[in-house]
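Each residue of the sequence shown is one higher than the one before, counting from 35 in our numbering. Don't be surprised by glycine CBs; every beta carbon is placed ideally from N, CA and C. Notes follow once the structure below has been shown.
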Amino acid sequence: MIWIRQAAPAVLRGLVIGLVVTLASFLNVLEGIERWGLNVLFEARGPEPPNTPITIVSIGEDSFDELNLAWPFPRALHAQLLDVISKGHPAVVGFDVVFAEPSSRGPADDRMFADAIGRAGNVVLAAAMTVVQEATYIKEDLNPPIKTLRERAAGFGPVNFLIDDDAFVRSVRLSRRYQDADLHGFDLAIARAAVKAGFAGAPGEPAEFLINYRGGARSFPTVPYYRVLNGEVPPETFAGQIVLVGATSPVLHDVFPTPFEPQGNMPGVEIHANALETLFQGIPIRRCPWTVTVALIIAGSLAAVVVTNRFRPLQALGAVVILGAGYLATAFVLFVWGRVWLDTATIPLGLGLGYGATVLENFIREQREKRRLARFFSPKVLEEIIRHRNDQALGTARKRITVLFSDIRGFTTLSEKLQPEQVVEILKEYLTELTEVVFRHGGTVDKYVGDCIMALYNVPFEQPDHAAEAVRTALDFQKTTHEISERWKAKLGVEIKNGVGINTGEAVVGTMGSEQRLEYTAIGDTVNLAARLESITKEFRSPVIISETTYQEVRSKFRTRPLGEVTVKGKAIPVKIYAVVEVVEGEVRGQVRVLVEGAVTITDGEITVQASLADLGVGGVAVSNLPRKFDIGRIVQLRLDLPQAAAPVNVDGKVTWSVEDKAGLVFLNLKPDDRAVVEEFIGRPAASQESTTE
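Structure, rendered in structure tokens:
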């Protein structure tokens, strides 16, 4: 069920896009592009030889020149032409010339032509339909040949073409209803006459169909009018032929744009020849059924959405282009061999919109995801996550990581002293600057909990030095927190201190949560221990405490001090912990500390004990081998016996942390002379002491 919910938005998007494109197709919004696509299909297929015996007698400029006549020619001249053609015994002769008015040369001119028509017995004449369209009605009028001619003709019919919105002629109408009767068109009248003369019947006589053009102008055998009239063409040329007589000169305004003649140079008589060829050969272009087109549109839109969701944009674009090219290739094959016209705009449009809409949605989601993840990942890591988003980079997996927890010491007390708005302002500055530190060291901010920051290292991509980077982050935290503290101390008189706990180990890392809300996080005992270590930094007065596993990975890179073993809440086995002593808090922040071998005498009232020095700075001392435990906060008297020192150092100290036989104390009243002894000892190179700063 989950995968269904995940796929549902993509499927819905594909369906919506498919329905939008379908609606556009239904409303003929794309019809102009589809017709242009049909032109392209014809051009890509190229011309093909006609198979129907059709010969055209052309009335062109050459005939005007040779006969030295202007249009219209005398009808007696047409009679002479017809007598010459009839000697060759054609199947039918069609005059693509409208004789709707009596001859301007008198009735005798008409009678001569009528007699020739009668002698031939197989002449089909042209008529014209005139259409008057008003706001409330459409009126059609038929302009037939004059009675003298039509009574002798084998038939007549309108020569009007179906002209598309772009002025192209792509279809022919064989018949129409006129005054409640069927009226045969010019082409159907010729076809019927040809069948009577012995032609095989046409496979079908649809009311209208798309012409399967053989090519452009002069695709059919053509002879000039004047040459036939002058006897230059043997009558046998027309034997058994469908002979079409018509104008081919542009000055007679009987030329139209067609797929092979987009500039409008196709004579009407040649369009009739192509229509008759299509009819007799049974090869009309059939448009793909509407239901199939709708199915292809929706399938294409869904395919584009699925592919774009599956691959990266450039890969998806390539796949969509391949799908589109494959579809267009299929459309071409079906057009050439199946004479089927598939839409060439709607399906590619569905593919394009499916791709574009999905890329746009993915981009918006990616930007939204970037803004969300930018809180947790550095820009560099974030780019890698986006780049590998389909590689399960954020998938849940068990891996070795380093976890860092950090918070402000005494945050509750700080909050009580300030107004909520001031606390928010401090937290915003504090969290912003510490987050930049995390990012600088390649870490990932898992979450913020109040003043606490949880950061992960070695996620989501491999980070070889992850434990050291976490410690470097902690040390930079101290410096950054000190700088922030100084600023707010000047503003509001408050100080800010920071504690950090770090642990290294295995955890389950990845995207977790509910179906409504997911977060990238880590869970496991490794995380819990890091949080516990952070909480005991207050007890040990050590700003950075690391676990044994982290210590083993960074021991050669940082100065540390063992704090012994502690039983952390939630852990049955004691855990070894270490303080990173590169940074010392309080008044000695930034000062040098040294490891030292020496003795210390501690007096607490009437009790005096001896212990060993561990490390020393001008602000305090760490001791070991204590015979008894001292409570944190206890003030005692110290006598430090430093190797090669001129005199012992006597100073009061306050216990800041105490673990087993170890403790840390800060000096309370170090006198100038004693301070000079300590500073001299710290600055003296000797085998017995080792600097703890890098």
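Quiz item: Taking the alpha carbon of Tyr361 as the point to measure from, which residue in Phe345, Val340, Ser335 and Glu517 has its own alpha carbon closest?
Solution: Ser335
Quiz item: Would a C-beta distance cut-off of 8 Å place Leu101 and Tyr260 closer than the cut-off?
Solution: yes
Quiz item: Are the Cβ atoms of Thr507 and Val471 separated by less than 8 Å?
Solution: yes
Quiz item: Mind checking whether Leu647 and Leu674 have CB atoms under 8 Å apart?
Solution: yes
Quiz item: When DSSP labels each residue in this structure, what does Ile398 get in the three-state scheme?
Solution: helix
Quiz item: For Tyr389, which option in Asn532, Ala489, Arg346 and Arg69 has the closest C-alpha, if you only look at C-alpha atoms?
Solution: Arg346
Quiz item: For Ala161, which of helix, strand or coil comes out of DSSP?
Solution: strand
Practice problem: Pick helix, strand or coil for Tyr247, following the three-state DSSP scheme. | Solution: coil
Quiz prompt | Test: Leu597 CB closer than 8 Å to a CB of chain B | solution = Protein chain content of the structure displayed is limited to a single chain, and chain B is not contained in it.
Quiz item: Smallest Cα separation from Val285: which of Pro124, Ile93 and Leu111?
Solution: Ile93
Quiz item: Can you tell me the Cα-Cα spacing of Asp29 and Pro661, whole angstroms?
Solution: Residue coverage of the chain in this structure runs from 35 to 728, which leaves residue 29 outside it and unanswerable.
Quiz item: Between Ala44 and Ile557, what straight-line distance do the alpha-carbon atoms span, to the nearest angstrom?
Solution: 32 Å
Practice problem: Go ahead and label Leu567 buried or exposed: buried means 16 or more other beta carbons lie within 10 angstroms of its beta carbon, across all protein chains shown. | Solution: buried
Quiz item: Alpha carbon to alpha carbon, what distance is there between Phe574 and Glu599?
Solution: 12 Å
Practice problem: Decide yes or no for the touch test of the region 271 to 281 against the region 118 to 138: beta carbon pairs closer than 8 Å, at least 3 of them. | Solution: yes
Quiz prompt | Residues of its chain near Leu357, where Cβ-Cβ distance is below 8 Å and the 5 sequence neighbours each way are ignored | solution = Gly334, Ala337, Ala338, Val341 and Leu385
Quiz item: Rounded to the nearest angstrom, how far is the Cβ of Thr560 from that of Ile435, given a contact under 8 Å?
Solution: 7 Å
Quiz item: What's the gap between the Cα of Leu176 and the Cα of Asn194?
Solution: 11 Å
Practice problem: With DSSP collapsed to three states, give me the class of Glu621. | Solution: Because Glu621 carries a pLDDT of 35, less than 50, the predicted location of this residue cannot be relied on, and no value is offered for it.
Quiz item: On the three-pair Cβ rule with 8 Å, is the region 581 to 598 touching the region 447 to 456?
Solution: no
Exercise. Look up Thr478 in the DSSP assignment and give the residues it is bridged to.
Key: Leu490
Quiz item: Is Leu362 helix, strand or coil when you go by DSSP?
Solution: helix
Exercise. Return yes when the Cβ of Gly250 is within less than 8 Å of the Cβ of Phe294, no when it is not.
Key: yes
Quiz item: Would the region 698 to 716 and the region 632 to 651 be scored as touching if the rule is three or more Cβ pairs under 8 Å?
Solution: yes
Self-check item: Pairwise C-alpha distance: Val326 and Asp143
Solution: 57 Å
Quiz item: In terms of residues, what are the limits of the alpha helix (DSSP H) holding Ala501?
Solution: His500 to Leu526
Quiz item: Is the beta carbon of Ile636 less than 8 Å from the beta carbon of Val683?
Solution: no
Quiz item: Gln453 by DSSP, collapsed to three states: which one?
Solution: coil
Quiz item: Should Thr571 be labelled buried (16 or more other beta-carbon atoms within 10 Å of its own) or exposed?
Solution: buried
Exercise. Mind reading off the beta-carbon distance from Asn537 to Ala564? Whole number of angstroms is fine, and I expect it under 8 Å.
Key: 4 Å
Quiz prompt | Exposed unless 16 or more other CB atoms sit within 10 angstroms - verdict on Arg402 | solution = exposed
Quiz prompt | Whether Ile381 touches Ser440 by CB criterion (8 Å) | solution = no
Quiz item: Which stretch, first to last residue, makes up the alpha helix (DSSP H) that contains Lys688?
Solution: Note, Lys688: premise wrong, no alpha helix (DSSP H); beta strand (DSSP E) at Val683 to Val693.
Quiz item: Taking DSSP as the reference, what is the three-state secondary structure of Ile119?
Solution: helix
Exercise. Provide the residue(s) that pair with Phe290 in DSSP beta bridges, ordered along the chain.
Key: Met300
Quiz prompt | Straight-line gap, Asp216 to Ile332 (C-alpha atoms, nearest Å) | solution = 40 Å
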